[in-house]
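Read top to bottom, the protein sequences are chains A, B, C and D. For the first sequence, my numbering gives the first residue as 305, with consecutive numbering after it. For the second sequence, my numbering gives the first residue as 305, with consecutive numbering after it. For the third sequence, my numbering gives the first residue as 305, with consecutive numbering after it. For the fourth sequence, my numbering gives the first residue as 305, with consecutive numbering after it. To keep things clear, I will list the structure first and then write my remarks on it.
Protein chains: 4
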Amino acid sequence: MLYFENDYSEGAHPKILQRLMDTNMEHLSGYGSDRYTDLAKNKIRDLCKCPEAEVYFLVGGTQTNQTVIDSVLKSYEGVIAAETGHVSVHEAGAIEFTGHKVLTLPQHDGKLCARELKDYMETFLGDDSHEHMVFPGMVYISHPTEYGTLYTKDELKELSQVCRRFKLPLYMDGARLITGLACPENELSLPDIADLCDIFYIGGTKAGALCGEAVVFTKNNTPAHFLTQIKQHGALLAKGRLCGIQFDALFSDDLYKENGRNAIETAALLREGLRQKGYTFYNNSPTNQLFLVMENSRLEELKNDVVYSFWEKADDTHTVIRFATSWATSREDVEKLLSLL
Amino acid sequence: MLYFENDYSEGAHPKILQRLMDTNMEHLSGYGSDRYTDLAKNKIRDLCKCPEAEVYFLVGGTQTNQTVIDSVLKSYEGVIAAETGHVSVHEAGAIEFTGHKVLTLPQHDGKLCARELKDYMETFLGDDSHEHMVFPGMVYISHPTEYGTLYTKDELKELSQVCRRFKLPLYMDGARLITGLACPENELSLPDIADLCDIFYIGGTKAGALCGEAVVFTKNNTPAHFLTQIKQHGALLAKGRLCGIQFDALFSDDLYKENGRNAIETAALLREGLRQKGYTFYNNSPTNQLFLVMENSRLEELKNDVVYSFWEKADDTHTVIRFATSWATSREDVEKLLSLL
Amino acid sequence: MLYFENDYSEGAHPKILQRLMDTNMEHLSGYGSDRYTDLAKNKIRDLCKCPEAEVYFLVGGTQTNQTVIDSVLKSYEGVIAAETGHVSVHEAGAIEFTGHKVLTLPQHDGKLCARELKDYMETFLGDDSHEHMVFPGMVYISHPTEYGTLYTKDELKELSQVCRRFKLPLYMDGARLITGLACPENELSLPDIADLCDIFYIGGTKAGALCGEAVVFTKNNTPAHFLTQIKQHGALLAKGRLCGIQFDALFSDDLYKENGRNAIETAALLREGLRQKGYTFYNNSPTNQLFLVMENSRLEELKNDVVYSFWEKADDTHTVIRFATSWATSREDVEKLLSLL
Amino acid sequence: MLYFENDYSEGAHPKILQRLMDTNMEHLSGYGSDRYTDLAKNKIRDLCKCPEAEVYFLVGGTQTNQTVIDSVLKSYEGVIAAETGHVSVHEAGAIEFTGHKVLTLPQHDGKLCARELKDYMETFLGDDSHEHMVFPGMVYISHPTEYGTLYTKDELKELSQVCRRFKLPLYMDGARLITGLACPENELSLPDIADLCDIFYIGGTKAGALCGEAVVFTKNNTPAHFLTQIKQHGALLAKGRLCGIQFDALFSDDLYKENGRNAIETAALLREGLRQKGYTFYNNSPTNQLFLVMENSRLEELKNDVVYSFWEKADDTHTVIRFATSWATSREDVEKLLSLL
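Shown next, in the form of structure tokens:
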């Protein structure tokens, strides 16, 4: 069986596991106060060229979005997101659970448009009854998006400008950021992101860690008593070392680059093969998620050999599916997959 | 100055105030356990031809929507509403405040479409990842809608059928129901509504009461310990008599009909006058809210003589405004308004 | 039947109802933006000798506590209250519903002790693990308390000093404040309270209004977008005039004093009569709530003639009950009650 | 430096890490749907002699308490706990964050008393105003408690009986259950606990796993759509294998017994040594947490050589501290510690 279902179906990159082994019996203080966590924070600050960045490690993506968004927003504010944003669709209402509305704007290849954001804010502020409405309090984007697409540097700059004009913190969900960074089409470096965003997170789970997401507050803007707020959200790990050590390993010897590159290169190989075979792409994703429109009958056969993700119904006889590659995907498996298609 | 801003800018119908006067010094027990509240409940049961109906009185519309929706939904469920639904747009996030997402569907003249609801539910249930999404747990509609429109009997029947098929309680926001009932175009009687909906409320505030909304559970489906839940939402009135007596008066001697009729008849007079003068209507509302597309320059002049509601920007030189009539609107004021237009 | 069950079993003082009558057909804008509401706010500012006070009217006491406390606290903070505080015991968890813990301290005649508050804060701050605990974010007291008792001026000063030292806003629940003000034993004037407290509310419901509580922020400390937060909590009245007009009447011609005085004087008459008859008082309440320890057998007989409140079981054969007087209690009824006892 | 600060300052038992290594490159489906998670669930069912048990794995203790309690309680209910219960004191308000009150009863060596629980319930139900109060909806206990103490079988039976009589689900926080099970004084086996409790969790974090807690619903009582509720609470791990594999290892070859035993045996050695040296114990904990009353001056010296936990101030010159042992504590370290004391 071939596995292209997602980018989190293996454990951790062996170097990360090895680091957990090597440090295993050290006595370390809990809740993220250990020295490996500090080392990892420093590496992130350096890579972002943002010495004032404050970094926290949480366990998973939904948890991170929930904790960050709830802590940053005032109680009467909501978060603006593309209608396809993960926080809007696939987090089981985790944001609303904390009392905040997700205010949706149209998506364009999974992305928010700066001009539409500006129009939205102007309409909101110009509405006589806006005191009876949810105040927009921050902006959520994902990069790469849920559709595998990337913001250009200009797009992010424009979004960032609109956000600053309206005093909206800009938050980037980087669940697949490490993969995105390795993509030739990507225009945004970590320092760019640290500069243009107020908060972002670098996902570990989909980049070869067992778990863990690194939240970066780039503008001396960590919410007050954030550790307490993490605890209150049930998100504080007793053995904080588990995240700290993994991120320290991920950012040692450019392991994060190696992991991202493998995902991107195997995706490129698969994309090229699919193109040659004339498959219909649902969109133009340059990263490690490939979306195809397939005939249902063809999919029925494929199921016996390949694990893929159902994305959505296209029409009565076609379905959109996703193949994902990861740090762990081998070229051999891509070739086997292509030989089946 | 002429007042067509909304349908709640006067106090109460004099008969309602008189009833408060007449009963004022009676000693009555608190929290809705008094006999006037019981009388009002019985009148509502009778009018709905629904002897098993359970009735509760709350103070305002947003409070009612918040308390009912939160009490009916399970914690992981959201409420489906038209994208223009009051709960989605104009309640300052009161639903999300209680932890629930408002799941929006397209609006058609402010209404939900049964077929689209069915498609939505089938797509949801057919989605492999729906366990990661908010479960639709009830359906919210308003009648008349926020756009003054009315569901036909067939439309409500179809919605009700889809709701039952998917075990979704159907909840009708009747903030302006009493006005709707008086409209010649209205096809839905109180017994129809009690039959087709699982929960609805009859608004008092916009029908000539000082405050108060009557929530009706029609299917032996009152949430457990609903009084406690009302209290928990800060919505339990110590002097419950204030709502009970007013609703008792509203449903005595057909006062509710009289109030609804005045709103509808003055609206009809205004609509006809506006038509004759060639004004552009934004939509085709048969009830007491009239939406017009007006030139901004014309509105500037009008401001000196008339209070109206800004609705939304139509384009750079035009604005959508609303004129509302009520139980208290006089034909003279309508004629004066028409003479100004 | 005699009614001494509570201080909210009648409607409104006739002068208040009359004012609602007199203003009934005036067109007034909604949501508290009318001129009667403004008049009432000015009267409160004057009485408090606090020209910078910001005043808001809400409908009921639990709603007021819920909205104020949730709006003032940061999301990771709780409110300190006496273990007998209304917010802790009798509001169906309305505070926790908004995500905040009620942190309880011992009660002394229903009151918080400044020294115990100081010790609590020092212990909290001295605890190594306090980042894992709920941060105390404000202090709730009631005056008169749930037990009818009053803070002395020294007691409130000391509390206020401790609060300021620890930057804890001090909030007074004045559900029965108007009655308290009329009590000869009361040492605290409205200006004292406005000076020593950061926020307080003056209850209308128990002082002769149909409903309504006036929240006063005394230190330019109204929470941001408080109107939106009121709406979000379901607590914004469309016909805001209902509260504004009533409070305007209550603070005209010293009506509030008259109402408070009647409650206090009839309570004094009842207290003296009970004393002479040798009844056992549960505590030493100088205000309009009298708590007695009665034999259960005696209570069984009394039930036929008098409505009183069960307070708590004293022992197997005795019960604590409460008699309450109000603005509406007549001396005749007190005498009748005494003749029965 | 000697480390006796807590029982989570090392990584994982080497056998657990090794299992993560061995399975690392297997492709497994996400969110706990993998076969190792199934194996772990079956092992827990077998050990509990409860074939119908439903088992879920969460990441940490506070998260588990928050998710379980919020999912089990109805929205108007609270959870009863000892005043020293972890959920009441040391979870930063995680329970209140989800809208529920923690209703506290007195603690006796950290334990709830069945008779007091019964009295509490009878008083609650007998209170005329209990509809205005938080309904008790479940009972939380910890075993071992926060004070290292254990419920006897009789104590748990009595608690369980009272809970059943009042239809209160009984929930046991077993953060240190594996340690408790290894204690000679412990009377409660896993089958006993599965029989007497409705829900409990077996802590992995403090028993030699990197993270992970196993929640067991023993009475076909898993909350509806619990997976969705876990996700909504931000508690669903993408790589669910991380918990599944660790618990599979922990329950293979009696590793959990080995880990518990080491913690208990090293604690016994330390306890005996302390006793011989005449140290004052704060309480009589038979498990791996030892609480001592120490002179502050002595503690100042000790700090240079030993890491321990501050517990609370005893008086002006004494402090209560905690030494904790774990699966990783060596006899040599205990002896070194004793030589210092």
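The C-beta atom is built at its ideal place from N, Cα and C for all residues, glycine as well.
If you draw a straight line from the C-alpha of residue i to the C-alpha of residue j, how long is it?
i, j, result
"His447(D)", "Cys467(D)", "17 Å"
"Val438(A)", "Leu421(A)", "15 Å"
"Tyr340(B)", "Val638(C)", "26 Å"
"Val325(B)", "Phe361(C)", "In the sequence on display, residue 325(B) carries Met and not Val. Looking at the two C-alpha atoms, the distance is approximately 23 Å."
"Leu541(B)", "Leu463(A)", "47 Å"
"Thr408(A)", "Ala396(B)", "15 Å"
"Ser313(A)", "Thr509(A)", "10 Å"
"Asn566(B)", "Asp558(B)", "13 Å"
"Ile626(A)", "Ser613(A)", "Note that residue 626(A) is Arg in the sequence shown here, rather than Ile. Each residue's alpha carbon lies about 5 Å from the other."
"Ala292(B)", "Asn524(B)", "In the structure displayed, chain B extends from 305 to 645; residue 292(B) sits before or after that span and is not available."
"Thr366(B)", "Ile503(B)", "15 Å"
"Gln370(D)", "Gly538(A)", "7 Å"
"Ile445(B)", "Ala385(B)", "6 Å"
"Lys561(A)", "Leu531(B)", "59 Å"
"Leu391(B)", "Met476(B)", "This sequence places Val at residue 391(B); Leu is not what is there. Their Cα atoms are separated by approximately 12 Å."
"Thr449(D)", "Asn588(C)", "41 Å"
"Ala498(C)", "Asp350(C)", "11 Å"
"Ser337(C)", "His529(A)", "37 Å"
What did DSSP end up calling residue i once you bin it into helix, strand or coil?
i, result
"Asp256(D)", "The displayed coordinates of chain D run from 305 to 645. Any statement about residue 256(D) would go beyond what the structure contains."
"Thr591(C)", "coil"
"Phe470(A)", "coil"
"Asp609(A)", "coil"
"Glu358(B)", "strand"
"Lys353(C)", "coil"
"Ile540(B)", "Residue 540(B) is actually Leu in this sequence, not Ile. Of the three classes helix, strand and coil, the one that applies to Leu540(B) here is coil, per DSSP."
"Leu407(A)", "strand"
"Tyr583(B)", "coil"
"Ile504(C)", "Sequence inspection shows Phe at residue 504(C); the Ile mentioned does not correspond to that position. Phe504(C) falls in the strand class under three-state DSSP."
"Val597(C)", "strand"
"Leu343(B)", "helix"
In terms of residue numbering, what span does the alpha helix (DSSP H) encompassing residue i cover?
i, result
"His622(C)", "His622(C) -> not in any alpha helix (DSSP H); beta strand (DSSP E) instead, spanning His622 to Ala628."
"Tyr560(A)", "Leu559 to Gln580"
"Glu381(D)", "Per DSSP, Glu381(D) belongs to no alpha helix (DSSP H); it is in the beta strand (DSSP E), Glu381 to Ala386."
"Phe308(D)", "Taken as a continuous stretch (DSSP letters only), Phe308(D) belongs to no alpha helix (DSSP H), as it is neither H nor E."
"Leu263(D)", "Here chain D covers residues 305 to 645 and nothing more, so residue 263(D) does not appear."
"Met325(C)", "Pro318 to Asp326"
Could you check where the beta strand (DSSP E) with residue i kicks off and where it finishes?
i, result
"Lys617(C)", "Ser613 to Lys617"
"Glu392(C)", "Correcting the residue identity first, residue 392(C) is Ser in this sequence and not Glu. Careful: Ser392(C) lies outside any beta strand (DSSP E), inside the alpha helix (DSSP H) at His390 to Val393."
"Glu489(B)", "Premise fails: Glu489(B) is in no beta strand (DSSP E) and is neither H nor E."
"Ala518(A)", "Glu517 to Phe521"
Within 8 Å of any Cβ in chain F, is that where the Cβ of residue i sits?
i, result
"Ser392(D)", "Note that chain F does not occur in the displayed structure, where the protein chains are A, B, C and D."
According to the neighbour-count rule (16 or more other Cβ atoms, all chains shown, within 10 Å of its Cβ), is residue i buried or exposed?
i, result
"Arg480(B)", "buried"
"Ser433(D)", "exposed"
"Asn600(D)", "exposed"
"Gly507(D)", "buried"
"Pro473(A)", "buried"
"Ser643(B)", "exposed"
"Asn592(A)", "buried"
"Ser379(C)", "buried"
*Contained alpha helix (DSSP H) runs [length at least 4] in the segment 413 to 487 of chain C, N- to C-terminal order*: 418 to 430, 457 to 469 and 481 to 485
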